[in-house]
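Structure first, commentary second.
This is the structure we're talking about:
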């Protein structure tokens, strides 16, 4: 597999091998899908959306769209070394169980295997549908990432060797974050504004980190939206969504707080 997203996840598995364990519930699904070491998505390879057919090509050099990407890149450069830059490196994390809590502050509840196993599985499996679904367009366009094109640093230097090897367009992280925000907004409509905003911020972290152009992120969000729409026709997803909604209601009734420093997150994200 040549996808940079897959390579980054494999690296994450190795990095966490001695410090993180999956619960029995999660481990039961790992290894049964097309991506070794990760839970299978809800969609079969035949059902997966075709990102290369769905998305328009990325901006070309000399176009007004590329000029807009360059302007957005320069604006993001002013954030290097700030708390927002540092938070962008946190948002690069896609390895479970750590990644499960990314949206816990926006949800106002803990998200982990202990309190919300169905919700955690929902996030793990939709990650594959949204994130790995971008690989065909990435391979087709092979767009150079901004840090490669400009010989600059990123907020995740340990990942740079792998990011150099694959295309920038569209952003897999942006697709995942946007899909997660939309799914969570369905589970907790009273928190929809905060959850969708967190999904937006998750994608912006890739631009701020200097690993994606703004148009990569926008295309990722478009693909993430399409994946969520497609998932609603999947009965297994619908069943797990209903179970996750019950978990959210139970956690809300019990008054369970997020297991994160939400004040620090809000400050870093400018909320």
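In mature numbering (1 follows the signal peptide of the UniProt record, and there is no 0), the protein residues as written are -17 to -1, 1 to 254.
Every residue gets a Cβ at the ideal spot worked out from N, C-alpha and C, and that includes glycine.
Reduced DSSP category for residue i - H, G, I as helix; E, B as strand; rest coil
{"i": "residue 187", "result": "helix"}
{"i": "residue 80", "result": "coil"}
{"i": "residue 133", "result": "helix"}
{"i": "residue 175", "result": "helix"}
{"i": "residue 127", "result": "coil"}
{"i": "residue 196", "result": "coil"}
{"i": "residue 283", "result": "In this structure the chain extends from -17 to 254, so residue 283 is not present and cannot be described."}
{"i": "residue 201", "result": "helix"}
{"i": "residue 220", "result": "helix"}
{"i": "residue 154", "result": "coil"}
Neighbour-count burial assignment, residue i, 16 or more Cβ in a 10 Å radius
{"i": "residue 27", "result": "exposed"}
{"i": "residue 39", "result": "exposed"}
{"i": "residue 232", "result": "exposed"}
{"i": "residue 135", "result": "exposed"}
{"i": "residue 31", "result": "buried"}
{"i": "residue 150", "result": "buried"}
{"i": "residue 56", "result": "buried"}
{"i": "residue 61", "result": "exposed"}
{"i": "residue 156", "result": "buried"}
{"i": "residue 109", "result": "buried"}
{"i": "residue 186", "result": "buried"}
{"i": "residue 65", "result": "exposed"}
{"i": "residue 198", "result": "buried"}
{"i": "residue 147", "result": "exposed"}
{"i": "residue 160", "result": "buried"}
Residue nearest to residue i in terms of C-alpha spacing, selected from the options
{"i": "residue 21", "options": "100, 98 and 107", "result": "107"}
{"i": "residue 86", "options": "145, 180 and 250", "result": "180"}
{"i": "residue 92", "options": "248, 239 and 250", "result": "239"}
{"i": "residue 37", "options": "250, 88, 80 and 123", "result": "123"}
{"i": "residue 203", "options": "113, 56, 147 and 137", "result": "113"}
{"i": "residue 251", "options": "235, 184, 241 and 194", "result": "184"}
{"i": "residue 98", "options": "144, 227, 207 and 29", "result": "227"}
{"i": "residue 84", "options": "104, 69 and 33", "result": "104"}
{"i": "residue 102", "options": "245, 220 and 29", "result": "220"}
{"i": "residue 249", "options": "178, 118, 214 and 140", "result": "178"}
Which complete alpha helix (DSSP H) runs does the stretch 50 to 125 hold, if anything under 4 residues is left out? 66 to 74, 87 to 90, 100 to 114 and 118 to 124
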